[in-house]
Structure formats: C-alpha cells, structure tokens
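**Student:** Sharing a structure here in structure tokens format.
Chains as they are written, first to last, in the working numbering: chain A, 9 to 485; chain B, 48 to 437.
Here is the structure:
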C-alpha cells in the first residue's frame, strides 16, 4: 500500500472508525495490532518474505527484555553490536560480502525505522528510561505502527506508551485539524512534489552538450536546486499525512520538519530537517560521543574541537544510513563534513570575534540571507549523491563542463539567497494580516477555503492522471 | 497548527460548508473562464459545405476561414477555385511546372496549422528549392476523409494530372476508417460523383449525465491542464497506453480487431495504388507516427511488449505489396531533441513545428526516389539553391 494514497486513507478511515468504537484499552490495542499487521501484510503475499523482518523484531523484543534496567551490561553491549550487524546484513550494505546474504527475497519496508525504534527500546530499557516492562502487544504496536512504519517519524516509546494509556481528545475541532494536515500533506506529495519532479526530469532531458552556455547553466541549476525542494515537499507532505492520520488513533506523532530552508547553517538545518532522525542520532550517537570525548580529552585548547569530530561522525551516519551504495558514503562524508566545517567555522569565528562580536555578525540581516543561500546551495550539492548515480553525475559533469558547473552553483546561490530572504521577510507580514482584529491567514474560514482549493486541485489532477490520454481529436465532421 | 483551536460556533456549521461550495464553484468556473479567454479555440471550418452524399462535405471554392486549436496559434485556410487547400490554381499547370496532389484526412490536409507549415506546403517549398522548376501542391485532403472516401479523392486528384499522389496516414486514420455508410464505388461514380446536399444530423437531446460528461470532455481548463501534464513524455505515454484498443497498435502481435483494420486498410491501398498505376502516377504512402510512439522512442518508459516500429513495418509491407512508395516520418521525428513540441499534446495532431519537418524529409525522399518524377532534383535541401515556391 502506497503512503499516502487514496487507498491508504480509506484503509485508515475504516480502521479509525473501528478503533474508536470502544474506549477500552485492550480493544484499542487489539484493533491497532490487527490494523498494523493488515497494513504490513499488504506488501507481500509470501509469508517467507516476512521471516527476517519478524525475526529481527523477535530478537529486539527478547534483547530489551533480557537487559532491562542496567542488567547484564556485557550482554547488552553484545546485543547492540549484533543488532547493528543484523541491520547492516539484512539491508545488504555494499561492503558486506554478497555470499552471506539470504538467497530469498524478503520484506524490508520501513526496516530502517523499525531498527531505530528497536535499538532505542533496547538502550532506553537498559538505561532504565522505560519505567514499566514493555508488553508484546505494546511492543508490536510501537514498532509496526502503520502510520510511521514506512518513513517515520521516529517516535520515542515513552511517548507512544503514554498515549496508549491516556486518551487524547478527538472532538470535531481535533478531527478538523487532522483532516487539514492530511489535505495539506497529500497536496504536497501528490501535486507539488509531482510537479517538481517533472520539472527536474525535463531539465535532465533538456540538458545536452549542444545547448548554449546560459541554457546549460540554467538547466544545471534547475536540476540541482529543484531536488531538495522536491524532497522537502515529498517527505514533509508524507509526514503531514501520517501525523494527521495518527491523530484519529489518538496518537500525537512528533514533528519532522520545521521550515528547514530558513536555516542559516547546516547545524540548524539538521535540527529542522528530518528532526526525529537527527534527534535520535543526537541522543544515541552525538551525546555519548561527546561524553566520552570530554572525559578523555581535557586539554582546554582541544575541548572545543571535540564537538567538531562528534558532529562529523553523527552526520556521516545520517548520510550513510540513507542507502547502501558508495554514493551514500560520499553523501555521508559531505553531510558530516559540512556540519563539522560549520562547527569549526563557528568555533574559529567566536575565538576571532569573541562571542559577542560573532553574535552580532550572526544577527546581521544580510549575513543571515547570504548564510541561508549558502546552506541551501551546499545541501543541494550534497543531494547530488543522494538522488543520482556515479554515472549520472559523470554524465552531467561532462555535458555541462567546469565553467557551466561553476556558474550553476553561483546561480543557485544567488537565486536561493534572494528567494529565501524574500520568503523570510514576507512570512511575518502575511501572518500579521488581520481582518476585524482577527488574523486572516489562520482564520478558520480562510483555511477552509484554502483546503477546499487544495482538494479541488488534487482531485482534478488525480482524475486527469488516471484518465487515458486523449487520441487525435476529430471534431471537424 | 500547534495552537489550540477555538470551538466551532453555530455560525460555523453553515458558513464553513458554504465556503467550501463557493470555493469549488469559483475555482471551477474561474478556471474554465480563464482557459476560454487565454486559450481560445475555433475548430469549426466555415468553408465546409455539406453538399456530397458520398464524401459528406466539400470546401467552398475561393473560401477563406480562420481556425485555431486551443494549444496553437490562429491560422487561415484558403481554398482555391476547386475547393482545395492550395495557394495555386487547380487549372492545368504551365509547362515545366510539376504538381503533387495530397489526399487523406486531417494531417494530410494540414489540420490546425498555417498553410506554410503544412506537410504539403513544406514539401512544395522544399522540392521547388531542390528542383530546376517549381513544384505545385494541390491538397485534396481534409479532416474526415478516411477509408474508401480516399478512392473518390484519388480519382479527383488524378484528374489534375499530378506527378505524384501522396496519402498521409496515422494509426488513428487506420483505426477510424469512417466509410461504413459508403456504397460500393463504381467507375461511374468515380467518373461523375453525385453532388447532392446532405442533411446534417440534428443533435439529439442528451441526458443530464451525458451533458455533464460532455462539459468535462469539452472543458478548456482540462485541455490546458493536460497540455502541461503531457509535456512530460513519461506522464503521457502510460496514460496513452491506458486507452485500451486504441493503443494496441503499439503492441504486436496485433489483436483481431487491429488485424481486421489492417486488412481493410490493405484493400484501400490496393485500390488507390491500382488507380494511380493505371494513370501512370507514383503513389506515395506517408506514415506519421502517433506522439506516443515518438515519446517512447525518445526516452519515455516503454511498457513491456511495446514495439513502436512494428506498426510502420507492417504498413511498409502493405505499401510494397501494392507497388506504392512508403515513407516513414518516424525516422525524422524521433531524431528531434524535444519530441513533445512536434505535436499538439492534447489534440494529438502534429504541430506547426512537426509538420514542416515531415514535409522537408518527404521532399528528400522523393528527390532520391529512383525511378521517380524528381530525378533532376538535388538529393538534399542543404545542397539546393533557394527558389521561390509555387
């Protein structure tokens, strides 16, 4: 089942109706379990395909139970290593010998996210951060939650469990807000990201060695710059939909995006982009690394550089986690390198300008606009290793030539700086618009009109995309 | 979105649904009005006169009409004293001037493009530039002249004493051989076709659902939306393949329905070739591919089993069996960098950019035809000196 899709929404609606028939916890847990298993079963009709997935889940459940509240520290460490190794092996990372892989096809839908959830449970359970023993039904509902299975967001077990026990209100207003979120999310995925992917595909098709330099620069800039925007609308749209859907199951999922392109540097950016992933890595990679580093390195001149190293490792993992090929290795190096370089720059500037001087510089409007543009350009550059292959990168580089490549980067930087600055300046003004003393944009009536418009556009385009293309039209007789 | 929303009031209960309804209406009506204003369309040819029991219609002699596809520019149709879309008179040509006659349906007739951009006119201009003497075009084709109606047009074309007769065909022409009501065409009919006014069928009253369906189908806003969506061949091609029987010609082996159509088409080609051969005139069959074929040939995802070349190969075999010259325009169109621009994306006819390419390519084919009526012409447009077109 594709998420989001009309089928998914109908499935979720039916499930939500049954889920809310009774307020009894066992009923809701049982319904959610059936729904989660039903959703998972929609991906393959071959029971064998589920064996590795379920094996991993069983391993996680037993492991967290065996090492609860500080018990068996060596076993805990061994289980963590084993869990990471199992993930890498099942995901078939390119550095793992192929001969060791399972020979039959198996399901890996949402496996990376399940891995994060299970590992988090194992660690938190061992550290005593989870007060009560995790029950099997609760464990399965948490790890297989159909709203977050495919691509997150990565919710903490503690938050999920709190909502299992406490009844979140679900009145008309809450449902309306959830529907609003679903409509906006669906529009982002089905319309905006579709249009952007078409633009990028056409720019790729258009790019050729015979084009004049300005045309090559324009096409190259479009190819590189459109993808991050497409990815934002695609992923944040998906997140909006699942947050809205989960609300009907009285679950409040964490946010994953917070206007990431308004960030002035890579560190802030990763705090606003795929927030639950970077938050997870901050908790389980960055913080422990920092603690270790601080305890081992005591020289004052070096302490400030520990964070540079820790950020590099953390965000290198962010990149590498996304895929199994060498392209993602480079994506990881660039992501980690970018964040580390950013931290190094901040440390250096603070020592040069003193904290007060650096704060004044960072608060300067022009500096912020230029920094925002640079951050976007860097992200678009790193994304080349995210969406393309080595062959595509080589083809594009060869077709464009060094001059056009350089000019494209400058064009992206210039346009991104201006557009993002304009958006940042206009946003408060738009939000401040009032009518009769009430805010216009956030008004219930304006939002209803906006959402209706989005529904009309989405329905119209979806209908057209599913209707056969017309043949030659004979109307002359 | 995170702030706590205020509770719904009684006013909201009626105002919110009203806002929804008003938004839907404003958007639908607004989009249609904007599309009608900015993408005007005129597809009724005021020069058409329904005066023929067999062909259905003719074009009024010395008539001028203006038409426009929603996706294209305004263009002018000019008909000569014989009612043919030609700049030249249909009277016997001056010594040395050669003449080519076009028969067929909409694409042969240069439907939806300005005369200079039609296949016929481009062919005439190119051959005139390539040959020592002018080459004149008489275009007897028109949208709707499909199937055996072409036998009647061939007889009329041969009376003009051309050096070649050209029939341009697309898969759609072969699918829609709209000649079921046509009686057997005898020599007597060919010698003197009856010209009697036909009664145009009055439009029957249609039901509400049918009316709604017609509104959607005829909606200009839909045309505009599709125009932009179809600019991406990877969007267009799968949608075209969803056309069922219409798209089956791309997937060999052909279904029995398509085989029957091809058999019927072969009978037509046999009859046309026989007419032309008896008059000692070369008969040329030009195949213009469907835009879906070109899209798939130039990078759009090709569904399993699709072979865009199978259909033109079949037509070529038919043409060769009956001594007709076959020219496949796919070859020139698939070489173009931006294939989507060669057709009106929604309407499907070749555009003012696609038709001249076919015309120029056809000129080179004819000039290289051995034996052929243009032996004294240069083999390519590039090597020819410019000459004023007839």
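Glycine included, C-beta positions come from ideal geometry on N, C-alpha and C.
Does the region 380-388 of chain B come within contact of the region 97-105 of chain B, defined as at least 3 CB pairs closer than 8 angstroms?
**Tutor:** No, the region 380-388 of chain B does not touch the region 97-105 of chain B.
**Student:** As a quick exercise: from A:383, A:438, A:439, A:409, pick the residue whose alpha carbon is nearest that of residue 423 of chain A.
**Tutor:** The residue labelled residue 423 of chain A in the question sits at position 415 within the first chain. Out of A:383, A:438, A:439, A:409, A:383 has the C-alpha closest to the C-alpha of residue 423 of chain A.
**Student:** Indicate the three-state DSSP secondary structure (helix, strand or coil) for residue 9 of chain A in the structure shown.
**Tutor:** Position 1 of the first chain holds residue 9 of chain A. In this structure, residue 9 of chain A counts as coil in the three-state DSSP scheme.
**Student:** Can you give me the start and stop residues for the alpha helix (DSSP H) that residue 154 of chain B sits inside?
**Tutor:** Numbered from its first residue, the second chain carries residue 154 of chain B at position 107. No alpha helix (DSSP H) holds residue 154 of chain B; DSSP gives it neither H nor E.
**Student:** Taking 9 angstroms as the threshold (beta carbon to beta carbon), is residue 384 of chain B in contact with chain A?
**Tutor:** Locating residue 384 of chain B in the second chain gives position 337, where the first residue counts as 1. It does: the Cβ of residue 384 of chain B has a partner Cβ on chain A nearer than 9 angstroms.
**Student:** Do you know offhand how far residue 358 of chain B's Cα is from residue 452 of chain A's?
**Tutor:** Here residue 358 of chain B refers to the residue found at position 311 of the second chain. Here residue 452 of chain A refers to the residue found at position 444 of the first chain. Roughly 58 angstroms separates the two Cα atoms.
**Student:** What are the residues of the region 52-75 of chain A that lie near chain B, defined by any Cβ-Cβ distance shorter than 8 angstroms?
**Tutor:** If the cut-off is 8 angstroms between Cβ atoms, the region 52-75 of chain A has nothing near chain B.
**Student:** Using a Cβ-Cβ cut-off of 9 angstroms, state whether residue 10 of chain A counts as contacting chain B.
**Tutor:** Walking along the first chain from the start, residue 10 of chain A turns up at place 2. Answer no: the Cβ-Cβ gap between residue 10 of chain A and chain B never drops below 9 angstroms.
**Student:** Shorter than 9 angstroms from the beta carbon of residue 453 of chain A to some beta carbon of chain B?
**Tutor:** Along the first chain, one-based indexing puts residue 453 of chain A at 445. Chain B contact via Cβ: present.
**Student:** Output the distance between the C-alpha atoms of residue 273 of chain B and residue 32 of chain A, rounded to the nearest integer angstrom.
**Tutor:** If you number the second chain from 1, residue 273 of chain B lands on position 226. If you number the first chain from 1, residue 32 of chain A lands on position 24. Going by the C-alpha atoms only, they are around 50 angstroms apart.
**Student:** Establish whether the CB of residue 122 of chain B and some CB of chain A are separated by less than 9 angstroms.
**Tutor:** One-based indexing of the second chain puts residue 122 of chain B at position 75. So, not an interface residue.
**Student:** Using a Cβ-Cβ cut-off of 7 angstroms (strictly less than) and excluding sequence neighbours within five positions of residue 136 of chain B, which residues of its own chain qualify?
**Tutor:** Along the second chain, one-based indexing puts residue 136 of chain B at 89. Cβ neighbours of residue 136 of chain B beyond the five flanking positions: 127, 128.
**Student:** Are the CB atoms of residue 172 of chain B and residue 140 of chain B within a distance shorter than 9 angstroms?
**Tutor:** The residue you call residue 140 of chain B lines up with position 93 of the second chain. The residue you call residue 172 of chain B lines up with position 125 of the second chain. No, Cβ-Cβ distance for residue 140 of chain B and residue 172 of chain B is not below 9 angstroms.
**Student:** Pop quiz: residue 268 of chain A and residue 240 of chain A are said to be a contact at Cβ under 8 angstroms. What is the actual Cβ separation, rounded to whole angstroms?
**Tutor:** As a working mapping, residue 268 of chain A is identified with position 260 in the first chain. As a working mapping, residue 240 of chain A is identified with position 232 in the first chain. Confirmed, about 7 angstroms.
**Student:** Name the chain B residues whose beta carbon is nearer than 7 angstroms to that of residue 209 of chain A?
**Tutor:** If you number the first chain from 1, residue 209 of chain A lands on position 201. Under the 7 angstroms cutoff, chain B gives 279, 281.
**Student:** If we ignore side chains and look at the alpha-carbon of each, how far apart do residue 229 of chain A and residue 93 of chain B end up?
**Tutor:** Residue numbering aside, residue 229 of chain A sits at position 221 when the first chain is read from its first letter. Residue numbering aside, residue 93 of chain B sits at position 46 when the second chain is read from its first letter. In a straight line, the C-alpha of residue 229 of chain A is about 49 angstroms away from that of residue 93 of chain B.
**Student:** Between residue 138 of chain A and chain B, is any beta-carbon pair separated by less than 9 angstroms?
**Tutor:** Numbered from 1 along the first chain, position 130 holds the residue referred to as residue 138 of chain A. Chain B, which has no Cβ nearer than 9 angstroms to the Cβ of residue 138 of chain A, makes this no.
**Student:** Quick one: give me the first and last residue of the beta strand (DSSP E) that residue 112 of chain B is part of.
**Tutor:** Position 65 of the second chain, counted from the start, is the residue given in the question as residue 112 of chain B. 111-115 is the span of the beta strand (DSSP E), which, as asked, contains residue 112 of chain B.
**Student:** Any beta-carbon of chain B closer than 9 angstroms to the one on residue 475 of chain A?
**Tutor:** Translated into positions along the first chain, residue 475 of chain A becomes position 467. Yes, residue 475 of chain A counts as interfacial toward chain B.
**Student:** Give the range of the beta strand (DSSP E) segment to which residue 130 of chain B is assigned.
**Tutor:** If you number the second chain from 1, residue 130 of chain B lands on position 83. No beta strand (DSSP E) contains residue 130 of chain B, which DSSP labels as neither H nor E.
**Student:** Using beta carbons (cut-off 9 angstroms, strictly below), is residue 525 of chain A in contact with chain B?
**Tutor:** Absent from the structure is residue 525 of chain A, since the part of chain A shown begins at 9 and ends at 485.
**Student:** Excluding the 5 residues flanking residue 433 of chain B on each side, which residues of the same chain have their C-beta closer than 6 angstroms to its C-beta?
**Tutor:** Looking up residue 433 of chain B in the second chain gives position 386. Here residue 433 of chain B scores only 43 on pLDDT, less than 50, and its place in the model should not be relied on; the value that follows carries that caveat. 176, listed in sequence order.
**Student:** Suppose the cutoff is 8 angstroms on Cβ atoms and the five residues either side in sequence are ignored; what does the same chain contact list for residue 483 of chain A look like?
**Tutor:** Walking along the first chain from the start, residue 483 of chain A turns up at place 475. Confidence is the limiting factor: at residue 483 of chain A the pLDDT is only 38, short of 50, which leaves the residue's position unreliable, though a coordinate-based value still follows. Same-chain partners within the cutoff: there are none.
**Student:** By the three-class DSSP mapping on this structure, what secondary structure does residue 124 of chain B have?
**Tutor:** The residue given as residue 124 of chain B occupies position 77 in the second chain. Reduced to three states, the DSSP call for residue 124 of chain B is strand.
**Student:** Going along the chain, which unbroken runs of the alpha helix (DSSP H) with 4 or more residues stay wholly within the region 370-458 of chain A?
**Tutor:** Qualifying alpha helix (DSSP H) stretches, in chain order: 373-395, 398-439.
**Student:** Compile a chain-ordered list of the residues in the region 418-442 of chain A whose CB is closer than 7 angstroms to at least one CB of chain B.
**Tutor:** Answer in chain order: no residues at all.
**Student:** Of all the CB atoms in chain B, is at least one closer than 9 angstroms to the CB of residue 472 of chain A?
**Tutor:** For the purposes of this step, residue 472 of chain A is taken as the residue at position 464 of the first chain. Judged by the 9 angstroms Cβ criterion, residue 472 of chain A is in contact with chain B.
**Student:** Using a cut-off of 7 angstroms between C-beta atoms, extract the partners of residue 180 of chain A located in chain B.
**Tutor:** Translated into the one-based positions of the first chain, residue 180 of chain A becomes position 172. Those within 7 angstroms of residue 180 of chain A in chain B are 55.
**Student:** Determine the chain B residues that contact residue 457 of chain A at a beta-carbon separation under 7 angstroms, and present them in chain order.
**Tutor:** Numbered from its first residue, the first chain carries residue 457 of chain A at position 449. Ordered by position in chain B, the residues that pass the 7 angstroms Cβ test against residue 457 of chain A are 66, 70.
**Student:** Indicate whether at least one CB of chain A lies closer than 9 angstroms to the CB of residue 310 of chain B.
**Tutor:** For the purposes of this step, residue 310 of chain B is taken as the residue at position 263 of the second chain. For residue 310 of chain B, the answer is no, since every Cβ of chain A falls outside 9 angstroms of its Cβ.
**Student:** My output table needs one value for residue 140 of chain A: the three-state DSSP class, helix, strand or coil.
**Tutor:** Position 132 of the first chain holds residue 140 of chain A. It is coil, neither helix nor strand.
**Student:** So what does DSSP say about residue 206 of chain B, is it helix, strand or coil?
**Tutor:** As a working note, residue 206 of chain B is residue 159 in the second chain. Residue state, collapsed to three classes: coil.
**Student:** Rank A:369, A:308, A:310, A:326 by C-alpha distance to the C-alpha of residue 281 of chain A and give the top, closest one.
**Tutor:** Position 273 of the first chain, counted from the start, is the residue given in the question as residue 281 of chain A. The option with the nearest alpha carbon to residue 281 of chain A is A:326.
**Student:** Report buried or exposed for residue 333 of chain B, applying the criterion of at least 16 other Cβ atoms within 10 angstroms of its Cβ.
**Tutor:** Against the second chain, residue 333 of chain B aligns to sequence position 286. It counts as buried.
**Student:** List the residues of chain A that residue 258 of chain B touches, going by C-beta distances under 9 angstroms, in chain order.
**Tutor:** In the second chain, residue 258 of chain B corresponds to position 211, counting from 1. None at all; the shortest Cβ gap to chain A is about 17 angstroms.
**Student:** Rounded to whole angstroms, how far is the Cβ of residue 153 of chain A from the Cβ of residue 274 of chain A, which I believe are closer than 8 angstroms?
**Tutor:** Start at 1 with the first residue of the first chain, and residue 153 of chain A comes out as number 145. Start at 1 with the first residue of the first chain, and residue 274 of chain A comes out as number 266. Their Cβ separation, rounded to whole angstroms, is 31 angstroms, which puts residue 153 of chain A and residue 274 of chain A out of contact at 8 angstroms.
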